[in-house]
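Enquirer:
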Amino acid sequence: MKLIVMIPAYNEEKTIQKVIKEIPRKIEGIDKVEVLVINDGSTDSTVKASLEAGADHIVSQKENRGLALTFRKGLEVCLEKGADIIVNTDADFQYNQNQIPDLIAPILQGKADIVLGSRFRGHIEYMPPQKRIGNILATRVTRMASGYPVTDAQTGFRAFTRDAALRMNILADYTYVQETIMQAVNHNLTLVEIPIEFRKRDGHSRLMSGVFHYAQRATAVILRTYRDYEPMKVFASIGFVFLVVAALSGATVLVQFVRTGVVTPNVPYAILTTMLCLTGLQILVFGLIADMLKYQRIREEEILYRLKKIEME
11 MKLIVMIPAY NEEKTIQKVI KEIPRKIEGI DKVEVLVIND GSTDSTVKAS
61 LEAGADHIVS QKENRGLALT FRKGLEVCLE KGADIIVNTD ADFQYNQNQI
111 PDLIAPILQG KADIVLGSRF RGHIEYMPPQ KRIGNILATR VTRMASGYPV
161 TDAQTGFRAF TRDAALRMNI LADYTYVQET IMQAVNHNLT LVEIPIEFRK
211 RDGHSRLMSG VFHYAQRATA VILRTYRDYE PMKVFASIGF VFLVVAALSG
261 ATVLVQFVRT GVVTPNVPYA ILTTMLCLTG LQILVFGLIA DMLKYQRIRE
311 EEILYRLKKI EME
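Its first residue numbered 11, the sequence shown is counted upward by one per residue in the numbering used here.
(1) Quick one: measure Cβ to Cβ for ILE180 and ALA101, integer angstroms, because I've assumed they're closer than 8 Å.
(2) Report the option in ASP183, VAL151, ARG211 whose CA atom is closest to the CA atom of ARG75.
(3) What are the uninterrupted segments assigned as alpha helix (DSSP H) that are 4 or more residues long and contained completely in the stretch 66-114, given in chain order?
(4) For MET178, which three-state DSSP category applies?
(5) Out of VAL45, LEU46, MET11, state which residue places its alpha-carbon closest to the alpha-carbon of GLY39.
(6) For PHE130, collect the residues of the same chain with a Cβ closer than 6 Å to its Cβ; drop the 5 residues on either side in sequence, then sort them by chain order.
(7) Helix, strand or coil for PRO116, going by three-state DSSP, please let me know.
(8) Starting from ASP162, follow the beta strand (DSSP E) in both directions and report where the run begins and ends.
(9) How far does the beta strand (DSSP E) with GLY39 in it extend, from its first residue to its last?
(10) Leaving aside the five residues before and after LYS28 along the sequence, list all residues of the same chain whose C-beta is less than 7 Å from its C-beta, in chain order.
(11) Below 7 Å, is the gap between the Cβ of ARG211 and the nearest heavy atom of the ligand GTP?
(12) Would DSSP call LEU201 helix, strand or coil?
(13) Start and end of the alpha helix (DSSP H) containing PRO18?
(14) Using CA atoms only, rank isn't needed, just tell me which of ILE95, ILE30, MET285, ILE204 is closest to ASP66.
(15) Do you know whose CA, among ASN276, ARG237, SER247, ALA174, lies nearest LEU303's CA?
(16) For chain C, check one thing: does any of its Cβ atoms lie closer than 8 Å to the Cβ of PHE167?
(17) Identify the continuous beta strand (DSSP E) that holds SER156 and give its terminal residues.
(18) Is GLU189 closer than 8 Å to THR235 when the C-beta atoms are compared?
(19) Taking DSSP as the reference, what is the three-state secondary structure of GLY260?
(20) Which class does VAL125 belong to by DSSP, given the choice of helix, strand or coil?
(21) Within 10 angstroms of the Cβ of ARG269, are there 16 or more other Cβ atoms? Answer buried if so, exposed if not.
(22) What span of residues does the beta strand (DSSP E) with THR171 cover, start to end?
(23) In whole angstroms, what separates the C-alpha of PRO241 from that of LEU176?
(24) From this set, ALA174, GLU22, PHE245, which residue's C-alpha is nearest ALA93's C-alpha?
(25) ASP212 by DSSP, collapsed to three states: which one?
(26) Could you please give me the residues that DSSP links to ASP50 through a beta bridge?
(27) Identify whether GLY297 lies in helix, strand or coil by the three-state DSSP scheme.
(28) Just grab the DSSP bridge partners of GLU207 for me.
(29) Quick one: is PHE208 buried, meaning 16 or more other Cβ sit within 10 Å of its Cβ, or exposed?
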């Protein structure tokens, strides 16, 4: 049983060594523990510090590509190197790496495909108010969109089985955290949350520049993913709104016609009703088309999963 701990890192020379040295190298039920650092175009000494701390593998990207693409690259490398379990952690020393055995325990027990380390169920030493607000908002939206009662959708401390990692297809270019949860739910993977410790960070977050900016980008990822997996619900809801407004507008015209036998002076309402009806029906048709494409996507994802599985064997 091989465990690879992957650490996406961007200019984290001050903390990356503490993270790597804290990772336990002997875990019951695991034969081998390796550390992979994905250097996301760092301009400082992150790579040198990682090597000095004992990182087993380092993959460097020529330029800063962002957390989502770096995470996707990390999963690919871990699978190529034969990982049976993959743990993702951050390079800023906010997560306690001594909790890795607790994080992977549900996987070793066969109770989970993905394990999320929940800061809100555990202990938070300190979290800036704007980051706390952003986490709460994004978590609530993720909970509603996925249907899974997650308490911390933003956590970067999480573990995947090899099979779960093979099923992940990260399409977002900003953050992966919500998308992986929604994909897991749609692939009928079992998610488990465990309480974890969260330390105070020195300096500012390189991902979250502001609560409104993060909320905007994260919400866009969630809505896009939800649209792809539940297109009929999305388009039917929008189309239904147009049809309801059309019905209300048309009621005025109908009442006038019943009373007087003519549409005048409500011709504008009659035109508006017709346009709203046509628009609503068109949106419903788009929903039917998107729903057909959804099943095409499901088949393509299953083919991709099988191809990756064959390729990684």
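Glycine is no exception: its CB is placed at the ideal position from the N, C-alpha and C atoms.
Owing to the predicted nature of the structure, the values given are computational and were not obtained by experimental measurement.
Expert: Let me lay it out:
(1) With 8 Å as the limit, ILE180 and ALA101 do not qualify as a contact, their Cβ atoms being about 19 Å apart.
(2) ASP183
(3) 77-90
(4) coil
(5) MET11
(6) THR161, ASP162
(7) helix
(8) Taken as a continuous stretch (DSSP letters only), ASP162 belongs to no beta strand (DSSP E), as it is neither H nor E.
(9) No beta strand (DSSP E) contains GLY39, which DSSP labels as neither H nor E.
(10) PHE103
(11) Ligands are entirely absent from the displayed structure, and the ligand GTP is therefore not among its contents.
(12) strand
(13) Note, PRO18: premise wrong, no alpha helix (DSSP H); beta strand (DSSP E) at 12-19.
(14) ILE30
(15) ARG237
(16) Absence of chain C from the displayed structure is noted, only one protein chain being present.
(17) Looking at the DSSP string, SER156 is not in any beta strand (DSSP E); the run it does join, the alpha helix (DSSP H), is 139-156.
(18) yes
(19) helix
(20) strand
(21) exposed
(22) 168-171
(23) 24 Å
(24) ALA174
(25) coil
(26) GLN71
(27) helix
(28) HIS133
(29) buried
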